[in-house]
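Visitor: Dropping the structure in here first, questions after.
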Amino acid sequence: MPRSALLNVMVQAATKVGRSLARDFGEVENLQVSVKGPGDFVSSADHRADEIAIEALKRARPGYGFLTEESGELPGSDKTHRWIIDPLDGTTNFLHGVPLFAVSIALERDGELVAGVVYNPVLDELYTAERGTGAFLNGRRLRVSARRDPVAMMLSTGSPTRQDGAIRRFADEATGIAETSASLRVTGSAALDLAWVAAGRLDGYWQYGLSPWDVAAGMVLVGEAGGIVTDAVGRKDIVRRGDIAAGSTAAHRQILTTLKAADALA
Ligand code: IPD
Ligand code: CA
Ligand code: CA
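Each residue of the sequence shown is one higher than the one before, starting from 84 at the first, in the numbering used here.
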């Protein structure tokens, strides 16, 4: 299916950012062995990626506003449209030379998410979705997984940090999920987790404490691939709350039930 003009704009921006990230990732691999490590370099790679995304999207749609992880809120003259961008999702992976990271770009219109693009330049995997027209990986149509049996499911989550104070809950919930499913993953990139749910690779995903730029594009992908996205107890208002549970209908149900049972035991 030919892409809309809007998706073309988003894809061009994402691939431009992706080229910059891929170049910098090559450098990170060299810096791994230096005493200082790649920390400062990665934070400048992040900012470079942010600038590239903003410049490309501004040129194509001059009035639209922005919410990006690195630049915050940048209001535009057009109050109905806003780009929501994470220029580099999976920073810790990137820093450690693990090739699981992505640029994530979503468009919000009148407060509703209408399109999302997630691009992993190392795997050259481009995930695109526009509301009402389906989700695609490198042009191939995506559907969430059809597995119904929880014990066959592979589910994913994100680990809390030391500062979150949520390690106990993480451990309880991860135990509950591991006991009832085939396998649990922690990929380190929320945007890729959601893209992989859309692709049916992961049956489902949940995490707490996320920001809009982590999930906006991925939410469109999952919705357009026939999946369900809510917060961790089934409510709709995810972007504001920052908690997410996503998956096929069966996996989503399984996640909510298991989290509830694990939290009740805590
Ligand atoms: C992080 C990743 C990670 C998730 C963290 C996010 P960043 O984003 O999405 O998977 O567990 O909560 O902050 O910092 O790599 O852009
Ligand atoms: Ca992120
Ligand atoms: Ca980021």
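For each residue, glycine too, the CB sits at the ideal point set by N, CA and C. These numbers come from a predicted model, not from an experiment.
1. Going by CA-CA distance only, name the one from Asn203, Leu196 and Ala315 that's closest to Val181.
2. Which residues in the same chain as Tyr210 place their Cβ atom closer than 6 angstroms to its Cβ, once the five residues preceding and following it in sequence are excluded?
3. I'd like the list of long-range same chain contacts for His164, defined as Cβ closer than 6 angstroms, with 5 residues on each side in sequence excluded.
4. Pairing CB atoms from the segment 140-158 with CB atoms from the segment 100-111, are three or more of them under 8 angstroms?
5. Between the segment 165-185 and the segment 264-282, can you find at least three pairs of beta-carbon atoms closer than 8 angstroms?
6. Quick one: what does DSSP say Arg102 is sitting in, helix, strand or coil?
7. Does the pairing of the segment 232-247 with the segment 333-348 give three or more beta-carbon distances under 8 angstroms?
8. Please state whether the Cβ-Cβ distance between Asp169 and Ser154 is less than 8 angstroms.
9. Out of curiosity, what's the CA-to-CA distance linking Ser264 and Ala136?
10. Start and end of the beta strand (DSSP E) containing Glu213?
11. Quick one: Cα of His130 to Cα of Asp297, how far?
12. Strictly under 8 angstroms for the Cβ-Cβ distance: is Thr244 near chain C by that measure?
Guide: If we stick to the structure as given:
1. Among Asn203, Leu196 and Ala315, the Cα nearest to that of Val181 is on Asn203.
2. In its chain, beyond the 5 residues on either side, Val201, Leu220, Ala278 and Leu304 have a beta carbon closer than 6 angstroms to the beta carbon of Tyr210.
3. For His164, where only same-chain residues beyond five positions count, the Cβ hits under 6 angstroms are Tyr147 and Arg192.
4. At 8 angstroms Cβ cutoff, the stretches do not touch.
5. A contact between stretches requires three or more CB pairs, one per stretch, nearer than 8 angstroms, and the segment 264-282 meets this requirement with the segment 165-185.
6. Residue state for Arg102 is assigned as helix, using DSSP reduced to three classes.
7. Judged by Cβ distances under 8 angstroms, the segment 232-247 makes contact with the segment 333-348, as three or more pairs qualify.
8. No, they are not a contact pair.
9. Between Ser264 and Ala136, the C-alpha separation is close to 38 angstroms.
10. Looking at the DSSP string, the run of the beta strand (DSSP E) that includes Glu213 is Glu208 to Glu213.
11. Going by the C-alpha atoms only, they are around 16 angstroms apart.
12. The structure shown contains no chain C; it is built from a single protein chain.
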